[in-house]
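Chains as they are written, first to last, in this note's numbering: chain A, 514 to 904; chain B, 514 to 904.
Positions of the beta carbon are idealized from the N, C-alpha and C atoms, including for glycine.
Number of protein chains: 2
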Amino acid sequence: MQDLDASKLSVTITMSPGKVPEPDSEEVHNMKTCSDHMVKVTWTDDIGWHAPTIEPYGQLTMSPIASCLHYATQCFEGMKVYRGFDGKLRLFRPDKNCKRLVMSSARVALPTFDPKELEKLLKAFMKADGPKWLPKSRPGTFLYLRPAIIGNGEQIGVTAPSEVLLFIVAVCWPDLSSGTRPGTAPQPPGLKLLASKSDVRAWPGGFGYAKVGANYGPSFVSHMEGRKMGYDQILWLLGSDYQVTEAGASNFFIVWETKERKRELVTAPLGAKVILEGVTRGSVLELARERLATGSTYLTSDIQKLEVIERDFTMLEIEQAWKEGRIVEAFLSGTAYFITPVSAINFRDQEIDIPMGDGASGYYAALLKKWLRDIMYGNVQHEWGVVVEEE
Amino acid sequence: MQDLDASKLSVTITMSPGKVPEPDSEEVHNMKTCSDHMVKVTWTDDIGWHAPTIEPYGQLTMSPIASCLHYATQCFEGMKVYRGFDGKLRLFRPDKNCKRLVMSSARVALPTFDPKELEKLLKAFMKADGPKWLPKSRPGTFLYLRPAIIGNGEQIGVTAPSEVLLFIVAVCWPDLSSGTRPGTAPQPPGLKLLASKSDVRAWPGGFGYAKVGANYGPSFVSHMEGRKMGYDQILWLLGSDYQVTEAGASNFFIVWETKERKRELVTAPLGAKVILEGVTRGSVLELARERLATGSTYLTSDIQKLEVIERDFTMLEIEQAWKEGRIVEAFLSGTAYFITPVSAINFRDQEIDIPMGDGASGYYAALLKKWLRDIMYGNVQHEWGVVVEEE
């Protein structure tokens, strides 16, 4: 069986190139404009991975009995490509996304591959579309990259697909971590979360840790109900003790002080395989462990040293800390929302307000966001910022 | 917003009709041959349901960022159309499937509709394709009907799709409840089940009760592992007490005697919304309650009266009953596998053998199967067998 092999890539250039929308335009906020090309790789159960292609972006055709339309044999990644302030094009820790896609693929009976080959395809794709769609004249902008794997074989029996398509598209995407949508009233900073009541996103023994479609569609009803009630995201709880897992499609962090006035950055652990192992989550943890310990030069009166803790924690603990004035701040991390401060959590019909530092963001969230932005946009040279060669 | 309206149906007849495969042929076992036409109905968030069409069966085209390919915004139904021994074409309780599809659709943020209109579309579809694909010369045969709803709008943001496609196809399908695949060695009767170990299919607060794609793809890995070990289906357990939920994509029934030697037919309840409310499951329960009570003319030395019980029960209870020789039989019910006897359950690496009545099937399973077949194929006239008018 053939493994995925980026060296077999062939490229067909589009004859009808699209127009790059203005940054922060309505078109960008619609999140439907893709770049000129897409990567496609077919897998079949007889020979494995076929030769990859970069070809003009366009519609997919598939059988009405394609597995992915009935049985959610599908997984994806969300990542971004950044146009740096130094003029360079960068991916952020693409090795993490590529490895996670392999894991997600296996979880829904789709084929695996060498993640390094996928990273090569991402770079080749951005070498083709990056210069036009992220022009050097627009430093500090990004495109959203969506690698996906779908079982497109005709397979109405409940079994693994015999044919699969891996594809990658690049989507013009707004900065959801700041800015307000053009033409709408400015929103107060900070996201308001609604703690889930009856609906449960994921469960031990399930697939909450994998980036598979099956984690998303079933969550939309709760999200829509939350939005109707004036909340931005659902904070997903688990179990009779209201364990905090993740929020919307992001990881959740809280900074609080213990009763002994020790400051902690707390997030849910990966062990039970209930939450997604976010690339931004991991990066926040690594940076915080490295730069927010005793003796760090980043410490100030607002940014005091803290201990980084991955453990199960509950809404009851958050509620208690809130009553005792021990909450420092909270934020979400993820590719889509990046680092976004949380201003309130509704838990059992009670509104828990979360401090917001200087009013626009908690201090830690702002600092972590700056650190990550500096890496993504080349203000500092860091191994996490992987440069894409351009011609 | 327009509701689904079958009276707006338009029909376009295919110019390239297909060939109907021989019953039980290799082609039928491949489950890829569909009839000449398909039903399609578009829904958009501006006007609701558009006019339905019956058109030539063919490929679907959709955007690479269609919601259903990434976020499992998809649900479906499984049902059959039967060519009766009286020459008539019948659906089996189609109102149940149509209502369940409405429920499933809402669970993944897809639009709802009047289920009666869907039933009319199913009948119109089979009026068109039934006479050719289920010829009167082949009484006792069936086609598998697959209504499905997919979010095919371009929607890479995590929100409800703005455009949706409802479609129905008819697939040539083998009789999985009996017969062996042509060209392969005959299988001993009865399915062997492997009780799930770490993987959990569904949980309270999740979506196990809805027929959504998200319940299927993530279960395939367990199924494939089970098959490698020589088992036909996974018996899905839940919780630290090993509650029995459902098996494969079927409901699970056990007949046992209590310690007081009372005979019971037991299956998991619907209350926790963890298992699918199978149409066959409900029909088995209704028939058993009606025909297997004291005084029934169906009772014999093998078919003794029993009490029908929907309650949580565990593998530990099954294990105990097995050790004490109290298990009478077990079977699965569902559209795909119909009524299929179970011959063994592997639980914690111990093989629990289940009695098989006359060797080919438990007595109750055989009787319930006969009763249902008689209704489906018109050997008896019953309100559950809904005749499709043909020209």
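Skipping 5 residues on each side, what residues in its chain have a beta carbon closer than 7 Å to that of residue i?
i        : result
B:MET913 : This structure leaves residue 913 of chain B out entirely; chain B is present only between 514 and 904.
B:VAL797 : PHE766, SER846, LEU881
B:ALA878 : GLU842, PHE844, ILE852, PRO854
B:ALA723 : CYS588, MET616, SER617, ARG620
A:LYS601 : GLY891, VAL900
A:HIS895 : ILE888
Under 8 Å Cβ to Cβ from residue i, same chain only, skipping five residues before and after it: list those, please.
i        : result
A:LYS640 : VAL901, GLU902, GLU903, GLU904
B:PHE598 : PRO652, GLY653, TYR890, GLY891, ASN892
A:HIS583 : ILE669
A:ASP518 : TRP562, ALA564, PRO565, GLU630
A:GLY571 : MET551
B:GLN817 : ARG776
Report back the beta-carbon spacing between residue i and residue j to the nearest angstrom; my notes put them in contact at under 8 Å.
i        : j        : result
B:THR557 : A:LEU573 : No, B:THR557 and A:LEU573 are not in contact; Cβ-Cβ is about 20 Å, not under 8 Å.
B:ALA708 : B:TRP769 : Not quite, the Cβ-Cβ distance comes to about 16 Å (not below 8 Å), so this is no contact.
A:LEU751 : A:VAL787 : 6 Å
B:PHE733 : A:ALA673 : 5 Å
A:GLU590 : A:ARG613 : 7 Å
B:MET616 : B:GLY561 : With 8 Å as the limit, B:MET616 and B:GLY561 do not qualify as a contact, their Cβ atoms being about 19 Å apart.
B:VAL682 : A:PRO565 : Between A:PRO565 and B:VAL682 the Cβ distance is about 31 Å, and since that is not below 8 Å, they are no contact.
B:MET592 : B:THR848 : 6 Å
A:ALA727 : A:GLU759 : Their Cβ separation, rounded to whole angstroms, is 15 Å, which puts A:ALA727 and A:GLU759 out of contact at 8 Å.
A:ASP549 : A:ASP642 : 6 Å
B:PHE718 : A:SER711 : Looking at the sequence itself, residue 718 of chain B is Gly, so the reference to Phe does not match. Contact holds; Cβ gap of about 6 Å.
Excluding the 5 residues flanking residue i on each side, which residues of the same chain have their C-beta closer than 6 Å to its C-beta?
i        : result
A:ARG794 : ASN764, SER846
B:ASP887 : VAL893
B:LEU685 : A small correction: the amino acid at residue 685 of chain B is Cys; Leu does not occupy that position in the sequence shown. Around B:CYS685: PRO534, VAL541, THR546.
A:ILE663 : CYS581, GLN587, LEU678
A:VAL779 : ILE767, ILE822, PHE826
Please classify residue i as buried or exposed, where buried requires at least 16 other C-beta atoms within 10 Å of its C-beta.
i        : result
A:ARG651 : exposed
A:GLN700 : exposed
B:GLU864 : exposed
B:ILE822 : exposed
A:ARG714 : buried
B:LYS775 : exposed
B:THR810 : exposed
B:PRO628 : buried
B:THR813 : exposed
B:LYS741 : exposed
A:ARG659 : buried
A:GLU667 : buried
A:THR525 : exposed
A:PRO648 : exposed
B:LYS609 : buried
B:SER856 : buried
B:ALA585 : buried
B:GLY730 : buried
B:ALA698 : exposed
B:LYS645 : exposed
To which residues does DSSP link residue i through a beta bridge?
i        : result
A:PRO569 : A:HIS550
B:MET575 : A:LEU573
A:LYS705 : A:ALA857
A:CYS588 : A:ILE662, A:VAL725
B:PHE472 : This structure cannot settle anything about residue 472 of chain B, because the visible part of chain B is limited to 514 through 904.
B:THR557 : B:GLY561, B:GLU676
B:GLU823 : B:THR780
B:ARG603 : B:TYR595, B:VAL900
A:TYR877 : DSSP, once it has assigned bridges, lists no residue as partnering A:TYR877.
A:VAL757 : A:LEU750
Quick one: does residue i have its CB under 8 Å from some CB of chain E?
i        : result
A:TRP884 : No chain E appears in the structure shown, which is made up of the protein chains A and B.
- Scan the region 781 to 799 of chain B for residues whose Cβ lies nearer than 9 Å to a Cβ of chain A and list them as they occur along the chain. So the list is empty, because no residue satisfies the distance condition.
- What residues in the region 564 to 576 of chain B bring their beta carbon closer than 9 Å to a beta carbon of chain A? TYR570, GLY571, GLN572, LEU573, THR574, MET575, SER576
- Item | Positions along the region 537 to 551 of chain B whose CB lies within less than 8 Å of some CB in chain A | Listed in sequence order: MET544, LYS545, CYS547, MET551.
- Message: At a CB distance below 7 Å, what residues from the region 654 to 686 of chain B approach chain A? Give them in sequence order.
- Response: ARG659, ALA661, ILE663, GLU667, ILE669, GLY670, VAL671, THR672, ALA673, PHE680, VAL682, VAL684
- Quick one, which residues of the region 731 to 761 of chain B are near chain A if we go by CB-CB under 9 Å, in chain order? For the region 731 to 761 of chain B, residues whose beta-carbon sits nearer than 9 Å to a beta-carbon of chain A comprise PRO731, SER732, PHE733, VAL734, HIS736, MET737, ARG740, LEU751, GLY761.
- Task: Taking only beta carbons into account, state which residues of the region 581 to 604 of chain B come closer than 8 Å to chain A, listed in chain order.
- Result: CYS581, LEU582, HIS583, TYR584, ALA585, THR586, GLN587, PHE589
- Task: With 7 Å as the C-beta to C-beta threshold (strictly closer), list the residues of the region 830 to 850 of chain B near chain A in chain order.
- Result: Across the region 830 to 850 of chain B, no CB contact with chain A closer than 7 Å is found for any residue.
- According to a CB-to-CB cut-off of less than 7 Å, which residues of the region 695 to 712 of chain B neighbour chain A? Hits within the stretch, in order: SER711, ASP712.
- Message: Please list, in chain order, the residues of the region 617 to 646 of chain B that have any C-beta partner in chain A closer than 9 Å.
- Response: ALA619, ARG620, VAL621, ALA622, LEU623
- Query: Quick one, which residues of the region 718 to 729 of chain A are near chain B if we go by CB-CB under 9 Å, in chain order?
  - Reply: GLY718, GLY719, PHE720, ALA723, VAL725, GLY726, ALA727, ASN728, TYR729
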